[in-house]
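Numbering (my numbering), first residue to last: 28 to 262.
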């Protein structure tokens, strides 16, 4: 919960800094980042593994306002298994790769407060949305990796909300005298997301015996902390 307290402090700081003198302002932010997910609480007890993926967001901040609203998306893989099997019992001399991925999609409505000016701009944010967990098994050709068939083994979607904070560091700015102002910034961020109770699979949860697949389904809340580093383009 320290991240939530830090986010509140950043919101207050951003509000105070928003009183900076007016100038040329941008209205939109779009970013992409490397995403790491660290399960917390019951989720960590069931799944003590870091998720790795990619995230992105898009925000609108009108005029010189310190407040922005937008959407945040993320995709992470928290489990991966591959093994080689005969294509079928009637064609035992042709082999394929069988790959199982345990995935998590984060989708949230995003509210952010941040000063509009300065080379280093802290921010705080709140989020509300969904966690979507799904496990997919794919049969792939060994030669070129082309998918032959795939199936979703189990999926579940649950409510999620949280808060976070970060800092953007200006890397390059366009000259507003030669057109609209724009900036390229490095973005560093931490979030704490509280997720509802979900059913999901993890590495080793699918066991095949005598031609039948058996699922060892886990069930827990899906709280997690995420860390992100990436680039944000402001225009």
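Idealized CB from N, CA, C, for every residue including glycine.
Item                                                                                                                                                                     : Value
Taking the continuous alpha helix (DSSP H) assigned at residue 73, which residues delimit it?                                                                            : 69 to 73
Within a Cβ cutoff of 6 Å, which residues of the same chain sit near residue 207, ignoring the five residues on either side of it in sequence?                           : none
Per DSSP, which one or two residues make a beta bridge with residue 87?                                                                                                  : 55 and 96
Do residue 240 and residue 183 have their C-beta atoms within less than 8 Å of each other?                                                                               : no
With distances taken Cα to Cα, identify the nearest neighbour of residue 90 among 209, 259, 169 and 53.                                                                  : 53
Following the continuous beta strand (DSSP E) through residue 248, name the residue where it begins and the one where it ends.                                           : 245 to 248
Who are the Cβ neighbours of residue 121 in its own chain at under 6 Å, not counting the five residues just before and after it?                                         : 114
Going by other Cβ atoms of all chains shown within 10 Å of its Cβ, with 16 needed for buried, is residue 170 buried or exposed?                                          : exposed
Look at the alpha carbon of residue 75 and the alpha carbon of residue 201, and state the distance between them as a whole number of angstroms.                          : 44 Å
If the criterion is Cβ atoms closer than 8 Å, does the pair residue 87 and residue 97 meet it?                                                                           : yes
Are the beta-carbon atoms belonging to residue 216 and residue 193 less than 8 Å from one another?                                                                       : yes
Please identify the residue among 99, 174, 77 and 60 whose C-alpha is closest to the C-alpha of residue 130.                                                             : 77
Cβ-heavy atom distance between residue 70 and the ligand SAH below 7 Å?                                                                                                  : As presented, the structure is devoid of all ligands, the ligand SAH included, so that no description of it is given.
For residue 199, does the count of other Cβ atoms within 10 angstroms reach 16, so buried, or fall short, so exposed?                                                    : exposed
If we call anything under 8 Å between Cβ atoms a contact, is residue 235 one with residue 166?                                                                           : no
Are residue 157 and residue 189 touching if we call contact CB-CB under 8 Å?                                                                                             : no
Between which two residues does the beta strand (DSSP E) carrying residue 230 extend?                                                                                    : No beta strand (DSSP E) holds residue 230; DSSP gives it neither H nor E.
Please list, in chain order, all residues of the same chain as residue 257 whose beta carbon is under 7 Å from its beta carbon, the five residues on each side excluded. : 58, 59, 60, 61 and 214
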